[in-house]
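Before any comments, here is the structure.
Protein chains: 2
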Amino acid sequence: MHGTNGTGGRRRGRNGEAFGPSINFGPLGHWVGFNLRMAQEAAFQAFSRRSQEIGESPGRFATLVLIARNPGISQTELSFANGRDKSSLTPVVEELVRRGLVDRKKMENDRRTYCLNVTPAGKKVLMMLTRCARRHERNLDRVIGERDRKRFIQILKKIAAEIE
Amino acid sequence: MHGTNGTGGRRRGRNGEAFGPSINFGPLGHWVGFNLRMAQEAAFQAFSRRSQEIGESPGRFATLVLIARNPGISQTELSFANGRDKSSLTPVVEELVRRGLVDRKKMENDRRTYCLNVTPAGKKVLMMLTRCARRHERNLDRVIGERDRKRFIQILKKIAAEIE
DNA sequence: AGCGCATAGTTTGACATCAAACTAAATGCT
DNA sequence: AGCATTTAGTTTGATGTCAAACTATGCGCT
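Just so you know, the sequences run in chain order Y and S. So for the first sequence, my numbering puts the first residue at 90; every next one is plus one. So for the second sequence, my numbering puts the first residue at 90; every next one is plus one.
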């Protein structure tokens, strides 16, 4: 039990600092992947809290926006746009339909594919969610800073599009 | 059935473009939250594939690094550093112990908390994973560009730390 | 010493997600 | 027309995650 402190001890020394500071992140600290995950998680949690206040979940939000912006979109297209597997979408869309926020009918020419549209009720919910999202975004902007914001988003898009 | 194209049609017009282009992302396109999620997802998938090649999962990786860098760390500290709930860590640590990559013993002074250390076998796996992660990071760097990389990570850290 | 509160870790139940198998419909080839 | 292939969506099974309830220890106050 010498240098590496293998037995115990460690961290005993922290007598006030708000818990985190004494952690050594090693290479994680300067790796993009790890920081990307941590940031995403934090932002997601924040938005989750916000949208919960109006009884919605973040997952449904992007879905609703995409349907509203692309009337008649199919579930497969939607899942692609949304970056989720089509099977994940089944229950989400089902719920939106059940609650009357989205209207779903089979296409006339191709009766395999659905044709999704936001109902007036859905538009109302969407407006509330959008307000909520805007608040969230303002918050993020404040942290990021107006100067870097645009470049930051550009890089995110590039990663999403070009990785692997 | 007028302007909004509510009935059907839509997307019929796409006759070759690689599927995505005709989607209207509306406000999502310039919101940080959505792009953050898409980028994270893409990067995660890429790393997932890579680490699968050597029979590991991305989730275990950060855990292993953190234990290696903080010998004797407890599970709660670990979960905090890792940005995950402590309960999520139970099965992960269990598996690492079972496979002999991590050594877990109770602390002497406080027998509630565990004391985690990476074993020599764990260090070998960690080295492989680290090589793998470095390849992944090089890939990300290529996409981000050397010029913006530092600032980009700084912003991610800021978001993780300061949101809400 | 004893009692109540705090803390470390586990268990449990709910969910979101993916991937692979499946069903139904359309398309193409002969 | 008939059969193989492709496509849209659903079902199913495995994972990973959280939050809340729980167990056990330890700590503090009287």
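Note that CB positions come from ideal geometry on N, CA and C, so glycine has one too.
Contact list for residue i against chain S, beta-carbon separation under 9 Å
i: residue 229 of chain Y; result: 120, 121, 122, 125, 248, 252
Neighbour flag for residue i against chain S, beta carbons, 7 Å
i: residue 117 of chain Y; result: yes
i: residue 189 of chain Y; result: no
i: residue 185 of chain Y; result: no
Proximal chain Y residues relative to residue i, where beta-carbon distance stays under 9 Å
i: residue 236 of chain S; result: Within chain Y, no residue comes near residue 236 of chain S; the closest Cβ sits about 10 Å away, beyond 9 Å.
i: residue 141 of chain S; result: Per Cβ cutoff of 9 Å: no residues; residue 141 of chain S is ~13 Å from chain Y at best.
i: residue 240 of chain S; result: 237, 240, 241
Residues near residue i in its chain [Cβ-Cβ closer than 6 Å; skip 5 each side]
i: residue 224 of chain S; result: none
i: residue 193 of chain S; result: 186, 203, 205
i: residue 196 of chain Y; result: 202, 204
i: residue 153 of chain Y; result: 215
i: residue 217 of chain S; result: 143
i: residue 136 of chain Y; result: 147, 225
i: residue 151 of chain S; result: 171
i: residue 165 of chain S; result: 175
Same chain only: Cβ atoms within 8 Å of residue i, ignoring 5 sequence neighbours per side
i: residue 233 of chain Y; result: 241
i: residue 177 of chain Y; result: 168
i: residue 163 of chain S; result: 196, 202, 203, 204, 205
i: residue 184 of chain S; result: 149
i: residue 189 of chain S; result: 208, 210, 211
i: residue 157 of chain S; result: 207, 211, 212, 215
Residue i, enclosing beta strand (DSSP E) - first and last residue
i: residue 205 of chain Y; result: 203-207
First through last residue of the alpha helix (DSSP H) which encompasses residue i
i: residue 193 of chain S; result: From DSSP, residue 193 of chain S is part of no alpha helix (DSSP H) but of the beta strand (DSSP E) over 191-195.
i: residue 242 of chain S; result: 235-251
Test: residue i CB closer than 7 Å to a CB of chain Y
i: residue 211 of chain S; result: no
i: residue 148 of chain S; result: no
i: residue 243 of chain S; result: no
i: residue 156 of chain S; result: no
Chain Y residues whose Cβ lies nearer than 8 Å to that of residue i
i: residue 145 of chain S; result: Within chain Y, no residue comes near residue 145 of chain S; the closest Cβ sits about 14 Å away, beyond 8 Å.
Contact set between residue i and chain S, taken where Cβ atoms lie within less than 7 Å
i: residue 232 of chain Y; result: 247, 248, 251, 252
Contact set between residue i and chain Y, taken where Cβ atoms lie within less than 7 Å
i: residue 129 of chain S; result: 125, 126, 129
Nonlocal neighbours in the same chain, by C-beta distance under 7 Å from residue i, ignoring five residues either side
i: residue 209 of chain Y; result: none
i: residue 238 of chain S; result: 230
i: residue 247 of chain S; result: none
i: residue 221 of chain Y; result: 139, 140, 143
**Item:** Segments assigned alpha helix (DSSP H), at least 4 residues, entirely inside the segment 102-181 of chain Y
**Value:** Fully enclosed alpha helix (DSSP H) runs of 4 or longer: 121-142, 147-158, 164-171.
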